[in-house]
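A.B. asks: Residue numbers (the working numbering): 80 to 355.
No residue lacks a Cβ here, since even glycine has one placed at the ideal position from N, Cα and C.
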Amino acid sequence: MTVGILAHLLGTLPYAQLAEKVAEHRFSYVQLALSKAISDIDFSLGKLSPGLASEIGGAFADRGVRIAVLGCYASLIDLNEDNYRYNVDRFKEHLRHARHFGAPVVATEVGVPQDPSRLAQHAALLDRALEELVEEAERWGAVIGLEAAQGHLIDTPETLAAAIERFPSSCVGVVLDPCNLLNGRTLDDQDRVVDEAFRLLGPRIVSAHAKDLVPAEDGGVRETAAGLGQLHYARFWEKLEAQKPHGFVTLEAVAVPQMEAAARFVREGRETARRG
Numbered sequence: 080m081t082v083g084i085l086a087h088l089l090g091t092l093p094y095a096q097l098a099e100k101v102a103e104h105r106f107s108y109v110q111l112a113l114s115k116a117i118s119d120i121d122f123s124l125g126k127l128s129p130g131l132a133s134e135i136g137g138a139f140a141d142r143g144v145r146i147a148v149l150g151c152y153a154s155l156i157d158l159n160e161d162n163y164r165y166n167v168d169r170f171k172e173h174l175r176h177a178r179h180f181g182a183p184v185v186a187t188e189v190g191v192p193q194d195p196s197r198l199a200q201h202a203a204l205l206d207r208a209l210e211e212l213v214e215e216a217e218r219w220g221a222v223i224g225l226e227a228a229q230g231h232l233i234d235t236p237e238t239l240a241a242a243i244e245r246f247p248s249s250c251v252g253v254v255l256d257p258c259n260l261l262n263g264r265t266l267d268d269q270d271r272v273v274d275e276a277f278r279l280l281g282p283r284i285v286s287a288h289a290k291d292l293v294p295a296e297d298g299g300v301r302e303t304a305a306g307l308g309q310l311h312y313a314r315f316w317e318k319l320e321a322q323k324p325h326g327f328v329t330l331e332a333v334a335v336p337q338m339e340a341a342a343r344f345v346r347e348g349r350e351t352a353r354r355g
């Protein structure tokens, strides 16, 4: 079974060097956030082109590494109009060029509300952004991967499912990170939360993230590498492989010395689940 890595966890490097480093760690694919991971290219808005995307995608492909997901993490609910416009246009640019990288998915969390008293305005901005992004994704044959996260406007299986219901395009999918659905209050109730995520979102999953959680002294949770915490991964792998066999799974929250063990944990757990 395969496992990938957030490319920038190996450092911010020239793209050819980064591709080589990913291959040395035997990862099959990456989630690539361009500005976070690559040091020798200017990725400001308007710089992407089919040639540049093909050059970077080719550097990874030559080393046996696929770009599974482009990460374009920027707030789609920013109340500042200039920031909002820049973020939406940047995401659209990623959608237009994703196929030249060899990436089927462009992923994002939607953003943390700046003003909780203006949630309706934040929600309206998200709908406005998704209306544009869905049209762009359908035009260019790309998939938008929406990810829920604690503190964000979309933070639960229910709020993510509601967004998809408003934009039921086949070009809208889910990046499922079970740890992002949990907090200090719900860690002990994780089976119910994760089961509900698969019930509501399972058919739309396009990628998953693997990290882990441990209780923190302040009553919250702390992230750690997959296999080192309290997530019920045997149950998660069983559900994921039944719903989306051989889907992308990307490591998060892992330091370089932990990568080999975390990757082995994911591979072995998925293989056990696949064999039943």
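Which word fits His325, buried or exposed, when buried means at least 16 other C-beta atoms lie within 10 angstroms of its C-beta?
C.D. replies: Counted from its first residue, the sequence shown places residue 325 at position 246. Residue burial annotation: His325 is exposed, with fewer than 16 other C-beta atoms found within 10 angstroms of its C-beta.
A.B. asks: Look up Pro324 in the DSSP assignment and say whether it is helix, strand or coil.
C.D. replies: On the sequence shown, residue 324 is found 245 positions in, with the first residue counted as 1. Pro324: coil per DSSP, three-state reduction.
A.B. asks: For the candidate residues Leu209, Arg301 and Gly136, whose alpha-carbon lies nearest to that of Ala363?
C.D. replies: With the chain represented from 80 up to 355, any question about residue 363 goes unanswered, as that position is not in the structure.
A.B. asks: With H, G and I counted as helix, E and B as strand and the rest as coil, what does DSSP make of Leu124?
C.D. replies: The residue given as residue 124 occupies position 45 in the sequence shown. Of the three classes helix, strand and coil, the one that applies to Leu124 here is coil, per DSSP.
A.B. asks: In chain order, what residues of the same chain lie with their CB nearer than 7 Å to the CB of Gly150, ignoring the 5 residues before and after it?
C.D. replies: Residue 150 sits at position 71 when you count from the first residue of the sequence shown. Gln110, Leu111, Ala112 and Ala186, listed in sequence order.
A.B. asks: Throw me the rounded Cβ distance for the Leu330 and Leu280 pair, which I believe falls under 8 Å.
C.D. replies: Position 251 of the sequence shown holds residue 330. Position 201 of the sequence shown holds residue 280. Taking C-beta atoms under 8 Å as the contact rule, Leu330 and Leu280 fail to qualify, at a distance of about 21 Å.
A.B. asks: Since Ser114 is in the alpha helix (DSSP H), which residue starts that stretch and which ends it?
C.D. replies: On the sequence shown, position 35 is the one that residue 114 refers to. Counted as a single uninterrupted DSSP element, the alpha helix (DSSP H) harbouring Ser114 occupies residues Leu113 to Ala116.
A.B. asks: Under the three-state reduction of DSSP, which class applies to Arg301: helix, strand or coil?
C.D. replies: The count along the sequence shown starts at 1 and reaches residue 301 at position 222. In the structure shown, Arg301 falls within a strand segment according to DSSP collapsed to helix, strand and coil.
A.B. asks: At what residues does the alpha helix (DSSP H) containing His231 begin and finish?
C.D. replies: Mapped onto the sequence shown, residue 231 falls at position 152. Unbroken run through His231: none, as it is neither H nor E.
A.B. asks: Quick one: what's got a C-beta closer than 7 Å to Ile156's C-beta in the same chain, skipping five residues either side?
C.D. replies: Taking the first residue of the sequence shown as 1, we reach residue 156 at position 77. Contacts found: Val189, Gly190, Pro192, His201, Leu204, Leu205 and Leu232.
A.B. asks: Between Leu347 and Leu88, what straight-line distance do the alpha-carbon atoms span, to the nearest angstrom?
C.D. replies: Translated into positions along the sequence shown, residue 347 becomes position 268. Translated into positions along the sequence shown, residue 88 becomes position 9. It is Glu, not Leu, that sits at residue 347 in the sequence shown. Cα to Cα, Glu347 sits roughly 22 Å from Leu88.
A.B. asks: Start and end of the beta strand (DSSP E) containing Ser286?
C.D. replies: Counted from its first residue, the sequence shown places residue 286 at position 207. Unbroken beta strand (DSSP E) run through Ser286: Ile284 to Ala289.
A.B. asks: Could you check where the beta strand (DSSP E) with Leu145 kicks off and where it finishes?
C.D. replies: Taking the sequence shown and counting its residues from 1, one reaches residue 145 at position 66. For the record, residue 145 in the displayed sequence is Arg; it is not Leu. Its beta strand (DSSP E) spans residues Arg145 to Gly150.
A.B. asks: Which runs of the alpha helix (DSSP H) spanning at least 4 residues fall entirely within the region 171-257, listed in chain order?
C.D. replies: Counting only runs of 4 or more residues that sit fully inside the region 171-257, the alpha helix (DSSP H) segments are 198-219 and 236-245, in chain order.
A.B. asks: Would a check of beta-carbon distances place Arg314 closer than 8 Å to chain C?
C.D. replies: Going by chain labels, chain C is absent from the structure shown, which holds only one protein chain.
A.B. asks: Consult DSSP for Leu92 and reduce its assignment to one of helix, strand or coil.
C.D. replies: Translated into the one-based positions of the sequence shown, residue 92 becomes position 13. Reduced to three states, the DSSP call for Leu92 is strand.
A.B. asks: State yes or no: is the C-beta of Val148 within less than 8 Å of the C-beta of Ser286?
C.D. replies: Numbered from 1 along the sequence shown, position 69 holds the residue referred to as residue 148. Numbered from 1 along the sequence shown, position 207 holds the residue referred to as residue 286. Yes.
A.B. asks: Between Glu350, Arg314, Cys258 and Arg207, which lies nearest to Phe246 when the distance is taken from Cα to Cα?
C.D. replies: Looking up residue 246 in the sequence shown gives position 167. Considering only alpha carbons, the answer is Arg207.
A.B. asks: I'd like the span of the beta strand (DSSP E) that includes Ile84, first residue to last.
C.D. replies: Residue numbering aside, residue 84 sits at position 5 when the sequence shown is read from its first letter. Taken as a continuous stretch (DSSP letters only), the beta strand (DSSP E) holding Ile84 covers Gly83 to Leu85.
A.B. asks: Would you check if the distance between the CB atom of Leu310 and the CB atom of Pro257 is smaller than 8 Å?
C.D. replies: For the purposes of this step, residue 310 is identified with residue 231 of the sequence shown, where counting begins at 1. For the purposes of this step, residue 257 is identified with residue 178 of the sequence shown, where counting begins at 1. A contact, by the Cβ cut-off of 8 Å.
A.B. asks: Pick helix, strand or coil for Val293, following the three-state DSSP scheme.
C.D. replies: In the sequence shown, the residue the question calls residue 293 occupies position 214. If DSSP states are grouped into helix, strand and coil, Val293 belongs with the strands.
A.B. asks: So for Thr329, helix, strand or coil by DSSP?
C.D. replies: As a working mapping, residue 329 is identified with position 250 in the sequence shown. In the structure shown, Thr329 sits in a strand (DSSP, three-state: E or B).
A.B. asks: Determine the closest residue to Glu210 out of Arg197, Arg178 and Ile243, with distance taken between C-alpha atoms.
C.D. replies: Within the sequence shown, numbered from 1, the residue matching residue 210 stands at position 131. If we check each option's Cα against that of Glu210, Ile243 comes out closest.
A.B. asks: Answer with buried or exposed for Asn159, where buried requires no fewer than 16 other C-beta atoms within 10 angstroms of its C-beta.
C.D. replies: Translated into positions along the sequence shown, residue 159 becomes position 80. So Asn159 counts as exposed.
A.B. asks: Who are the Cβ neighbours of Lys171 in its own chain at under 6 Å, not counting the five residues just before and after it?
C.D. replies: Looking up residue 171 in the sequence shown gives position 92. Here the set comprises Glu215.
A.B. asks: Do Ala98 and Arg145 count as a contact pair if the criterion is CB distance below 8 Å?
C.D. replies: As a working mapping, residue 145 is identified with position 66 in the sequence shown. As a working mapping, residue 98 is identified with position 19 in the sequence shown. In this structure, Ala98 does not lie closer than 8 Å to Arg145 by Cβ.
A.B. asks: Can you tell me whether Gln110 is helix, strand or coil according to DSSP?
C.D. replies: As a working mapping, residue 110 is identified with position 31 in the sequence shown. Reduced to three states, the DSSP call for Gln110 is strand.
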